[in-house]
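Undergrad: So that we are looking at the same thing, I have put the structure below in structure tokens.
Listed below in structure tokens is the structure:
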């Protein structure tokens, strides 16, 4: 069971920008559902509520728009991501990355730590496509995660560009 909370519905964005954000947001929501949130039994073992929580939040900040997809799931395991990156030849065995550098690996085309494809994720659209779509809006994606606690994907868009793109 998942509890989806939507915040910031009063945040104004141009319709064109909203349309361009719908696919990236949909993908991040699916990632939270399939990769982030644990099964009921695992959540119980960890002392978490059996219902997973996902928050979709939009707000203005420092001359821009921020859209967040947060979950209270398992978080990203940096060691698992780095091991997969080594297996794929993306980083050398001896290289140690910060968590932020590790999260950037998730934007590599075709990169996934999922053991199997599911109906929710694994549709051939990775985080690289999300990043490309956000880059086209002159924005960027930031990932914050705490292993065992959850993950937040944060899209930053410049407000002036969001308005100008809509006007054009």
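Residue numbers (the working numbering): 946 to 1113.
Here a beta-carbon is modelled for each residue, glycine too, at the ideal position from N, C-alpha and C.
Quick one: Cα of residue 1051 to Cα of residue 955, how far?
TA: Their Cα atoms are separated by approximately 31 Å.
Undergrad: What do you reckon, are the CB atoms on residue 947 and residue 982 nearer than 8 Å?
TA: yes
Undergrad: Give the DSSP-derived three-state secondary structure of residue 1075 in the structure shown.
TA: helix
Undergrad: According to DSSP, is residue 947 helix, strand or coil?
TA: Strand.
Undergrad: Counting only runs that start and end within the region 999–1064, where is the beta strand (DSSP E) found for 3 or more residues in a row?
TA: 1009–1016
Undergrad: What do you get for residue 1013, buried or exposed, if any count of 16 or more other CB atoms within 10 angstroms of its CB means buried?
TA: Burial check for residue 1013: the Cβ neighbour count within 10 Å reaches 16 or more, so the residue is buried.
Undergrad: Who are the Cβ neighbours of residue 1081 in its own chain at under 8 Å, not counting the five residues just before and after it?
TA: 965
Undergrad: What's the call for residue 1102, buried or exposed, on a 16-neighbour Cβ count within 10 Å?
TA: buried
Undergrad: Expressed to the nearest angstrom, what Euclidean distance is found between the alpha-carbon atoms of residue 1027 and residue 1047?
TA: 7 Å
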